[in-house]
Amino acid sequence: MTADDSEVWPNAHVCTTMMSLATRARDADKALATLEWMKRRSADAREVAPTTHTYTTCVQALDGAGRWEEALGMLGEMKRAGTARNAHTYSALVRAGANGGRAGARAVVKLIPEMKRDGVEPDLAIASALISAFGVLGSEDNARAMLRAIESSGRATDSKLYVDYMTAMCRCGNYEEAIETFTRVPRTTFTCTAVMKAYAEAMDWKLAEALFEDMRRDGPAPNDHTYSAMLHAYEKSLQWERAVRLLNQLTSEGKAKEIHHNIVLSVLGKCTQWQRAEVLFRDMRELYNIQPSRVTYSTLISAYGRSGKTDLARKVFEQMLARRIPPDDYTFVGLMLGPASEGNFRECSKIATEMKELYDVEHTVHTYNTLIQAADIAGNYDKAVEVYDELLQRGIEPNNTTRELVVAVSKRGANFYDRQQKTAAVASYAAGLVGVMGMALGRW
DNA sequence: GTAGGGTTAG
Numbered sequence: 001m002t003a004d005d006s007e008v009w010p011n012a013h014v015c016t017t018m019m020s021l022a023t024r025a026r027d028a029d030k031a032l033a034t035l036e037w038m039k040r041r042s043a044d045a046r047e048v049a050p051t052t053h054t055y056t057t058c059v060q061a062l063d064g065a066g067r068w069e070e071a072l073g074m075l076g077e078m079k080r081a082g083t084a085r086n087a088h089t090y091s092a093l094v095r096a097g098a099n100g101g102r103a104g105a106r107a108v109v110k111l112i113p114e115m116k117r118d119g120v121e122p123d124l125a126i127a128s129a130l131i132s133a134f135g136v137l138g139s140e141d142n143a144r145a146m147l148r149a150i151e152s153s154g155r156a157t158d159s160k161l162y163v164d165y166m167t168a169m170c171r172c173g174n175y176e177e178a179i180e181t182f183t184r185v186p187r188t189t190f191t192c193t194a195v196m197k198a199y200a201e202a203m204d205w206k207l208a209e210a211l212f213e214d215m216r217r218d219g220p221a222p223n224d225h226t227y228s229a230m231l232h233a234y235e236k237s238l239q240w241e242r243a244v245r246l247l248n249q250l251t252s253e254g255k256a257k258e259i260h261h262n263i264v265l266s267v268l269g270k271c272t273q274w275q276r277a278e279v280l281f282r283d284m285r286e287l288y289n290i291q292p293s294r295v296t297y298s299t300l301i302s303a304y305g306r307s308g309k310t311d312l313a314r315k316v317f318e319q320m321l322a323r324r325i326p327p328d329d330y331t332f333v334g335l336m337l338g339p340a341s342e343g344n345f346r347e348c349s350k351i352a353t354e355m356k357e358l359y360d361v362e363h364t365v366h367t368y369n370t371l372i373q374a375a376d377i378a379g380n381y382d383k384a385v386e387v388y389d390e391l392l393q394r395g396i397e398p399n400n401t402t403r404e405l406v407v408a409v410s411k412r413g414a415n416f417y418d419r420q421q422k423t424a425a426v427a428s429y430a431a432g433l434v435g436v437m438g439m440a441l442g443r444w
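All the letters of the first sequence, read from the start, carry residue numbers 1 to 444 under the UniProt record's numbering.
#1: On a CA-only basis, which of Gln275, Ser237, Ser293 is nearest His261? Give me that one, please.
#2: Helix, strand or coil for Tyr162 per DSSP?
#3: My assumption, with CB atoms under 8 Å, is that Arg69 sits in contact with Tyr55. Please give the rounded CB distance.
#4: By Cβ distance below 6 Å, which residues in the same chain neighbour Thr51 in space, the five residues on each side in sequence not counted?
#5: Taking the C-alpha atoms as reference points, what is the distance between Ile150 and Leu93?
#6: Quick check: what's the CA-CA separation for Gln325 versus Pro222?
#7: Roughly how many angstroms lie between the CA atoms of Lys39 and Ser139, to the nearest whole one?
#8: Throw me the rounded Cβ distance for the Phe182 and Val163 pair, which I believe falls under 8 Å.
#9: In angstroms with no decimal places, state the Cα-to-Cα distance between Met203 and Gln393.
#10: Can you list the alpha helix (DSSP H) stretches of 4 or more residues lying completely in the UniProt repeat "PPR" (86-122), in chain order?
#11: Measuring alpha carbon to alpha carbon, tell me which residue in Gln239, Gly395, Thr370 is nearest Glu404.
#12: Measuring alpha carbon to alpha carbon, tell me which of Val109, Arg46, Glu47 ends up nearest Leu72.
#13: With DSSP collapsed to three states, give me the class of Asn262.
#14: Where do the ends of the alpha helix (DSSP H) carrying Pro339 lie?
#15: For Met230 and Glu176, I'd like the C-alpha separation in whole angstroms.
#16: From Val185 to Leu32, what does the alpha carbon distance come to, in whole angstroms?
#17: Grouping DSSP H, G and I as helix and E and B as strand, with all else coil, what is Leu238?
#18: Which class does Leu231 belong to by DSSP, given the choice of helix, strand or coil?
#19: Do Glu258 and Ile301 have their C-beta atoms closer together than 7 Å?
#20: Leaving out five residues before and five after Ala156 in sequence, what residues of the same chain have Cβ atoms less than 8 Å from its Cβ?
#21: If Glu201 sits next to Lys236, beta carbons under 8 Å apart, how far is it from one beta carbon to the other, in whole angstroms?
#22: Please classify Pro398 as buried or exposed, where buried requires at least 16 other C-beta atoms within 10 Å of its C-beta.
#23: Quick one: Cα of Val316 to Cα of Ser341, how far?
#24: So which of Lys160, Arg102, Pro113 has the shortest CA-CA distance to Gly135?
#25: With C-beta atoms as the reference, is Ala98 less than 7 Å away from Ala87?
#26: Report the option in Ala25, Ser132, Gln319, Ser91 whose CA atom is closest to the CA atom of Glu114.
#27: Exposed or buried, what is Tyr359 when buried is set at 16 or more other beta-carbons lying within 10 Å of its beta-carbon?
#28: Helix, strand or coil: how does DSSP classify Arg314 here?
#29: Please classify Arg24: is it buried, with 16 or more other beta-carbons within 10 angstroms of its beta-carbon, or exposed?
#30: Considering Gln275, what are the terminal residues of the alpha helix (DSSP H) in which it resides?
#31: Can you have a look at Leu287 and say buried or exposed, based on whether 16 or more other CB atoms are within 10 angstroms of its CB?
#32: Whose C-beta lies closer than 7 Å to the C-beta of Ala45 among residues of the same chain, with five residues either side of it excluded?
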C-alpha cells in the first residue's frame, strides 16, 4: 500500500475491530454508537457500510450486556440493510436468546425457520447454542434430538457441546442423563464441573467429593467454578461442616473468593447456624478483605431470617443500605423468612409493600413463593391460592418451588377442609384451585 | 485481533 492509498477514514474492517474491543470491554453502547456512525457515514463512503461481521459483533456486544431483545433485533436490521447472515451470525443470535431466559429461548425457536430460509445449516456452535435454549425451555426431547443429530451426522463433537448438553439436562431436571453423559465424554475442567452440578442437584455430595478429590490429585485442575460446584453440592445436602472445612482450605491456599463465602453463608443459614454465619461474614471482611456484595448481604439476612433472628436481619439490612448497596427481591425474601416461618402472612405482606413502595423493587417468583409459604404455614390456603393466582395474572413464570408449594397447599388444603367438613367451603375452594391448576398446567 | 459455542452463587 502506498501513501496515496491510505485512507483518512477507517473502513468497515477497522470499525468492526473497534466494536470488538468495545464488546470485550463490556461497552455495548459504544459498539452501538459505532454501528450508527458507520450507517450514517456509509451514505458517502461505501467502504464503511456495516458488514456481516459488524452486525455479528453487535449481537455479541448486546448479548454481553444482557440485552437479548436488541441482540435479536439485529436480525431485522440486517435484513432491512440487505446484509447477509451466516452461521456466525446465527450462532451469536441463538446464544443471545438462550441467555435471555424463557422469553429469549422462545424467541430463539422462532429463529430456526428463519435460519433455514437463509440457507444456514446448524453446525456445532449453533447446535450447542440451540441445546442451551432447549434446556432453558425445559424441552428435554428437543435438546436430545439435537445432540443425536449432531452425533449421527459424523461431524466432530467437542466438550463444549457436552457441557451445554449436561447443563440443559440439569435444567430439565434430568440429572441422571447429565451424569450418564459424563461417562462417555472427555474429562475437562468444564465437563467435570458440569457433572458436579448434576451430582449436587441429585443430592449426591459423595460422588461430587470423590470426583473433586480426583481432580485435585490427578487433574483436570479445578477452577473457581469447580470450587463453587463442590460447595454447592455440600450446600444442597446441608453438609455445612464439610462446606466450612473446604472453605478454610481454599482460604489457606489463597483461592477463596467472595462467591465461595456466599455459598457457605447460605448453607449455614439453611442449617440455622446464624452465629457461625455472623463470624464468617466478619472474617471475610476483616481478615481476608473481601468486599461483601448484595448477594452476601442478602444471604446473611436470610441466615438470620431462617434462624428466627428477625431483628438481626433488619440490622444487617440497614447496614447494607448504609453502604449504598441496593437491595433486590432476594433481600426482601430474607427479611420475610422470619415472619414467614411463623406463618405471619400480614408481616410478610407489609414487607412486600415496603419493597415496592420504598425501594422500587418489583415482585418476582421468589417473593411470591415466600408469601405462598407464609400463607401455607398459617393454614390460610385460600390466601395461598390467591397469591398464586396473582402471580399468574401478572405473567410471572412459576418455578419448581412454586409448583411444589402449590401441590402441597392443595393437598393440605383439601385435608384441612375435609376435616372441617365444610362442604360449601370445599366446593368453592376446589373450584378456585381447579381453575388455578388449569392455568398452571398450560405453563408447565 | 473483524465475527460464533462451556459453568455465574442466594
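Idealized CB from N, CA, C, for every residue including glycine. Since the structure is predicted, the reported quantities are computational estimates derived from the model, not experimental observations.
On the basis of the coordinates in this document:
#1: Ser293
#2: helix
#3: The identity of residue 69 in the sequence shown is Glu, whereas the question assumes Arg. Not confirmed; about 16 Å, so no contact.
#4: Ala12
#5: 19 Å
#6: First, the amino acid is wrong: residue 325 is Ile here, not Gln. Rounded to the nearest angstrom, the two C-alpha atoms are 31 Å apart.
#7: 39 Å
#8: No, Phe182 and Val163 are not in contact; Cβ-Cβ is about 10 Å, not under 8 Å.
#9: 34 Å
#10: 87-98, 101-117
#11: Thr370
#12: Val109
#13: helix
#14: 329-341
#15: 18 Å
#16: 40 Å
#17: coil
#18: helix
#19: no
#20: Leu124
#21: 7 Å
#22: buried
#23: 19 Å
#24: Arg102
#25: no
#26: Ser91
#27: exposed
#28: helix
#29: exposed
#30: 274-286
#31: exposed
#32: Trp9
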